[in-house]
Amino acid sequence: EAGVAQSPRYKIIEKRQSVAFWCNPISGHATLYWYQQILGQGPKLLIQFQNNGVVDDSQLPKDRFSAERLKGVDSTLKIQPAKLEDSAVYLCASSAGQDLRPLHFGNGTRLTVT
Amino acid sequence: AQSVSQHNHHVILSEAASLELGCNYSYGGTVNLFWYVQYPGQHLQLLLKYFSGDPLVKGIKGFEAEFIKSKFSFNLRKPSVQWSDTAEYFCAVTLGDSWGKLQFGAGTQVVVTP
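Residue numbers (the numbering used here), protein chains in the order written: chain F, 799 to 912; chain G, 241 to 354.
This is the structure in structure tokens:
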């Protein structure tokens, strides 16, 4: 089966600019996650979707970050405006359900904010 | 605060040496425990998991981990490493019956020299 697809792989922007990341989960996976991995740290959950609804966005900095999954398939994560501390790898993961089913991670998008 | 701690940030060892990576967590209640691995240039992959039952769990590629509830620990072991085990290893925890809201440790970079 095809894996979780993310684009772009790399992005460099200046602070105060906006940026968007795209994720295409594994076909049929209802649950989708966005994680942020800052250099030297483990991934941190930003938001969880079940189909096109948000299950948990408690750790999403909502003043600058937004995410959507309009048709319950692809998802986009946006940052506007970006700050230096947003430099990180943004990982998308999907699973067949919220229960005890494995997560499949994409390769991530590496964001550098200068 | 709830956390996952990995004892070493970097480990360097020779082929055929034994590997043990420490992981401690500070959550109460029912936890699910995971070790993920990220090989250079690849996505995060599940090595092994513990939900319940036998506290000694075996994963892929000869890895195993032992859950010691009294010590809040879930250490990863491999008796004899290979050069191909060079990777970053992450311990992670979820609570209750969820796979997805993973709380990761900071990771341990393991380098195996020929």
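Where is the CB? At the ideal position from N, CA and C, for every residue including glycine. The structure displayed is predicted, hence computed values, not measured ones.
Taking just the CA atoms, how far does F/D872 sit from F/V802?
Taking the first sequence and counting its residues from 1, one reaches residue 802 of chain F at position 4. Taking the first sequence and counting its residues from 1, one reaches residue 872 of chain F at position 74. Cα to Cα, F/V802 sits roughly 10 Å from F/D872.
I want to see whether chain F comes within less than 8 Å of G/G262, judged by CB atoms only; does it?
For the purposes of this step, residue 262 of chain G is taken as the residue at position 22 of the second sequence. By this cut-off, G/G262 is not an interface position.
Which residues does DSSP pair with F/S873 in a beta bridge?
Looking up residue 873 of chain F in the first sequence gives position 75. Answer is F/C821.
Give a yes or no on whether 8 Å exceeds the smallest Cβ distance from F/S893 to chain G.
Taking the first residue of the first sequence as 1, we reach residue 893 of chain F at position 95. Yes, F/S893 lies at the interface with chain G (some Cβ there is under 8 Å from its Cβ).
Quick check on F/S893: does DSSP put it in helix, strand or coil?
Start at 1 with the first residue of the first sequence, and residue 893 of chain F comes out as number 95. Strand.
What separation, rounded to the nearest whole angstrom, lies between the Cα atoms of G/V355 and F/I810?
No answer is possible for residue 355 of chain G: the residues shown for chain G start at 241 and end at 354.
Counting contacts by CB-CB distance shorter than 8 Å, is G/G345 in contact with chain F?
By one-based count along the second sequence, residue 345 of chain G stands at place 105. Yes - at least one Cβ of chain F is within 8 Å of the one on G/G345.
What separation, rounded to the nearest whole angstrom, lies between the Cα atoms of F/F903 and G/L284?
In the first sequence, the residue the question calls residue 903 of chain F occupies position 105. In the second sequence, the residue the question calls residue 284 of chain G occupies position 44. Straight-line Cα distance between these residues: approximately 6 Å.
What do you reckon, are the CB atoms on F/P841 and G/F344 nearer than 8 Å?
As a first step, residue 841 of chain F is located in the first sequence; it is residue number 43 there, counting from the start. As a first step, residue 344 of chain G is located in the second sequence; it is residue number 104 there, counting from the start. A contact, by the Cβ cut-off of 8 Å.
Quick one: Cα of G/G262 to Cα of G/T353, how far?
Residue numbering aside, residue 262 of chain G sits at position 22 when the second sequence is read from its first letter. Residue numbering aside, residue 353 of chain G sits at position 113 when the second sequence is read from its first letter. Straight-line Cα distance between these residues: approximately 21 Å.
For F/P806, which of F/V817, F/K860, F/K813 has the nearest alpha-carbon?
Along the first sequence, read from residue 1 onward, the residue named residue 806 of chain F stands at position 8. Nearest option by C-alpha distance: F/V817.
Could you please give the first and the last residue of the uninterrupted beta strand (DSSP E) stretch that includes G/D315?
On the second sequence, residue 315 of chain G is found 75 positions in, with the first residue counted as 1. Note that residue 315 of chain G is Asn in the sequence shown here, rather than Asp. Start and end: 313 to 318.
G/E306 by DSSP, collapsed to three states: which one?
Within the second sequence, residue 306 of chain G is the residue found at index 66, counting from 1. Looking at G/E306 - three-state DSSP - the assignment turns out to be strand.
How many angstroms separate the CA atom of G/G268 from the CA atom of F/L875?
Position 28 of the second sequence, counting from 1, holds the residue named residue 268 of chain G. Position 77 of the first sequence, counting from 1, holds the residue named residue 875 of chain F. Approximately 32 Å, taken between the alpha carbons.
For the beta strand (DSSP E) holding F/L909, just list the boundary residues, first then last.
On the first sequence, residue 909 of chain F is found 111 positions in, with the first residue counted as 1. 907 to 911 is the extent of the beta strand (DSSP E) around F/L909.
Measuring alpha carbon to alpha carbon, tell me which of F/I836, F/V853, F/N905, F/L837 ends up nearest F/G870.
As a first step, residue 870 of chain F must be located in the first sequence, where it is residue number 72. Considering only alpha carbons, the answer is F/V853.
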